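Below is one structure; the comments refer to it alone.
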Amino acid sequence: MPCLLAGETYTVEYRIVRPDNGDVRHIRDTGFPIRDAEGRLRRLGGIAQDVTEEHAREEALERCIAERTAERDRVWRNSRDLLVVVGVDGVFRTVNPVWRTILGHDPAEVVGRSFQEFVWPEDDVVTRTALAYGASDDDLTAFENRYRHEDGTPRWISWQTAVEGDLVYAYGRDVTAEKERAVALHEAEEALRQSQKLEAIGQLTGGVAHDFNNLLTIIRSSVDFLRRPDLAEARKARYLDAVSDTVDRAAKLTGQLLSFARRQALRPETFDVIERLRGVVEMLDSVTGAPIRIVAEMPEAACFVHADVSQFETALVNMAVNARDAMDGEGTLTLRLACGLDKPAIRGHAQAAGPFAAISLADTGCGIPPEAISRIFEPFFTTKEVGKGTGLGLSQVFGFAKQSGGDVDVASTPGRGTTFTLYLPEVAPGVGEEPGPAEVETATGGAGQRVLVVEDNVEVGRFATRILEDLGYRTTWAANAAEALERLGEDCGGFDAVFSDVVMPGMNGVDLAREIQRRRPGLPVVLASGYSHVLAREGSHGFELLHKPYSTEQLSRVLQRAMAQAPR
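For the sequence shown, the UniProt record's numbering begins at 1 and goes up steadily by one.
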């Protein structure tokens with residue numbers, strides 16, 4: 001009232017009790033002066049408003065705010081994840097109590113300090129980068145880093161962040177146990193893989209030893225008989241043939257191993273798959289036997305690949321023999337060719353864009369058990385009875401396919417048959433073709449030509465020089481490439497040909513041949529190898545190649561051919 005008497009507006013709130021029902025009502029009373037034209041106070045005016053509902057709404061809002069605040073405080077206190085408010089300067093504004101549980105730090109020790117005092121040193125950069133990104137972007141940012149526990153050990157934290165103004169709000173989940181389980185699982189898987197590798201190596205070496213012992217038994221027994229002075233000529237010829245045949249079988253065995261290991265030196269050429277398959281179908285008739293019906297399904301248009309023809313045909317025969325045994329000598333073998341395909345994902349390897357030629361052989365046999373299908377390409381693994389297979393046929397198919405830039409897939413249903421599909425890259429006609437070497441009809445001896453023999457194995461070096469000398473050549477032996485280059489000199493003028501091993505310590509035979517060609521273009525170089533990742537990866541680069549083990553006739557023929565092609 002004094003304010004009103006002084007001519008000022010006033011507002012006052014009070015409560016009343018209604019006499020009719022006893023309700024308490026909130027009243028807002030506003031008074032104001034009314035003046036005449038000269039400004040003199042004449043009357044007093046006022047407005048009384050019932051603001052009970054407004055007060056009720058305000059009280060409800062205050063209660064809601066209090067409840068929400070209490071809920072937030074409970075979440076903040078009871079959260080099992082780290083909750084953080086950090087400035088864009090990297091200084092913690094507040095952290096929740098679980099910091100003590102997860103990281104061992106009292107929240108009061110954390111607030112006001114930079115994250116760099118707590119983050120694992122190796123994760124400082126990624127943390128600063130994430131903070132800078134989060135501070136400049138409204139989107140939620142996710143990243144992982146390590147924080148140092150009070151005991152000095154690291155803890156992995158997975159963070160989610162959001163920014164408001166100059167503050168970054170983040171919550172972090174402790175994923176240390178998950179990381180440790182992942183590491184333990186990886187180590188267990190690696191240990192299992194190593195165990196499986198050792199088992200495979202044991203199976204491989206045992207299989208090789210078994211087969212070679214059988215071959216060596218024949219050779220040793222034959223040699224023992226050949227030493228007898230009273231041995232009849234007919235029996236001597238029979239034992240010599242046995243030794244020669246056994247060496248061929250041993251060479252085939254090592255060839256299959258090299259094929260699986262992708263270490264054989266292939267002789268690729270471009271050929272029409274359809275033409276080759278027509279010839280192979282006739283051959284498969286004799287391999288599989290009359291009770292097995294062979295059906296060939298091929299397109300009309302030509303389909304070219306660039307691969308080793310001999311290995312290609314051997315792969316088809318190996319798959320056909322496998323099918324024959326699965327059908328127990330009776331059934332249908334369907335050979336199909338599809339061209340222009342993409343190579344699908346096989347055994348975890350990503351698919352590849354084509355064009356690929358897909359040659360499939362489908363049988364109506366017993367199928368492959370699910371537990372064995374992942375191992376069928378392992379060398380010496382077989383589901384056949386003892387004595388009915390070496391377990392190297394499918395490993396040759398696998399090695400040939402991979403070394404030729406393709407792959408081999410298998411699909412099988414027990415009791416309904418198996419389908420093997422060989423994928424080889426298609427090429428245009430004539431791609432990769434080189435003029436073939438002039439053939440030498442007969443192997444004749446040398447005529448005093450000088451041949452440099454390069455071989456690091458003492459026994460093989462002595463034997464090779466002896467063979468060449470018996471053939472009529474004059475030989476010089478070098479134990480390695482460096483010694484060979486020293487004997488050749490800059491112009492390589494003292495020799496008519498070089499016969500070199502491929503796998504040697506230091507410079508290999510291919511590099512030696514290149515250097516010889518640089519010094520004296522046209523000097524014949526013949527390479528010999530039974531195992532060479534160099535040849536498997538790079539090829540023979542146009543040099544004559546002799547596969548070990550080689551015969552005297554093969555060596556003479558290849559050497560004569562190389563010298564016959566040399567420019568005069």
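Beta carbons are placed, not taken as given, at the ideal position from N, Cα and C, and that holds for glycine. Given the structure is predicted, the values throughout are model-derived calculations rather than measurements.
Drop a sphere of 10 angstroms on the beta-carbon of residue 21, count the other beta-carbons inside from all chains shown, and report buried for 16 or more, exposed for fewer.
exposed
Span of the alpha helix (DSSP H) around residue 99
98-103
Please list the terminal residues of the continuous beta strand (DSSP E) segment that includes residue 352.
352-362
Which of helix, strand or coil does DSSP assign to residue 447?
coil
Determine the DSSP secondary structure at residue 422, reduced to helix, strand or coil.
strand
Taking contact to mean 3 or more Cβ pairs, one atom from each stretch, closer than 8 angstroms, check whether the stretch 341-348 and the stretch 307-316 are in contact.
no
Beta-ladder partner(s) of residue 92, from DSSP:
86
Using a Cβ-Cβ cutoff of less than 8 angstroms, which residues in the same chain neighbour residue 505 once the five nearest sequence positions on both sides are dropped?
456 and 480
Which of the three DSSP states, helix, strand or coil, is assigned to residue 528?
strand
Kindly indicate which three-state DSSP category residue 133 falls into: helix, strand or coil?
Three-state DSSP puts residue 133 in a helix.
Cβ neighbours of residue 563 in the same chain (closer than 8 angstroms, five flanking residues each side left out):
449, 496, 497 and 524
With a threshold of 8 angstroms, are at least 3 pairs of Cβ atoms found where one atom belongs to the stretch 99-119 and the other to the stretch 179-190?
Between the stretch 99-119 and the stretch 179-190 there are fewer than three inter-stretch CB-CB distances shorter than 8 angstroms, so the stretches are not counted as touching.
Give me the Cα-Cα distance between residue 18 and residue 37, rounded to the nearest whole angstrom.
40 angstroms
Give the C-beta separation of residue 454 and residue 501 to the nearest angstrom, bearing in mind that I take them to be a contact with Cβ-Cβ under 8 angstroms.
6 angstroms
Please report the straight-line C-alpha distance between residue 272 and residue 280, rounded to a whole angstrom.
13 angstroms
Per-residue DSSP class, three states only, for residue 544:
In this structure, DSSP gives residue 544 an extended state, which the three-state scheme calls strand.
Endpoints, alpha helix (DSSP H) assigned at residue 463:
458-470
Tell me where the alpha helix (DSSP H) around residue 509 begins and ends.
509-519
Residue 262 to residue 402 span [Cα, whole Å]:
Reliability of the predicted coordinates at residue 262 is poor, the pLDDT of 45 falling under 50, and the value obtained from them is presented with this limitation in mind. In a straight line, the C-alpha of residue 262 is about 7 angstroms away from that of residue 402.
Taking C-alpha atoms, which residue in 188, 405, 460 and 333 lies nearest to residue 352?
405
Just how far apart, CA to CA, sit residue 42 and residue 32?
Roughly 11 angstroms between the two C-alpha positions.
Can we say the stretch 321-331 touches the stretch 351-368, given the rule of at least three CB pairs closer than 8 angstroms?
yes
Should residue 423 be labelled buried (16 or more other beta-carbon atoms within 10 Å of its own) or exposed?
buried
In the DSSP assignment, what are the bridge partners of residue 172?
82 and 159
Would you identify the three-state DSSP class for residue 76, choosing helix, strand or coil?
Three-state result, residue 76: helix.
DSSP three-state call for residue 523: helix, strand or coil?
Looking at residue 523 - three-state DSSP - the assignment turns out to be coil, as it is neither helix nor strand.
If distances are taken between C-alpha atoms only, which option among 45, 336, 82 and 52 comes closest to residue 28?
For the residues 45, 336, 82 and 52, the minimum Cα distance to residue 28 belongs to 52.
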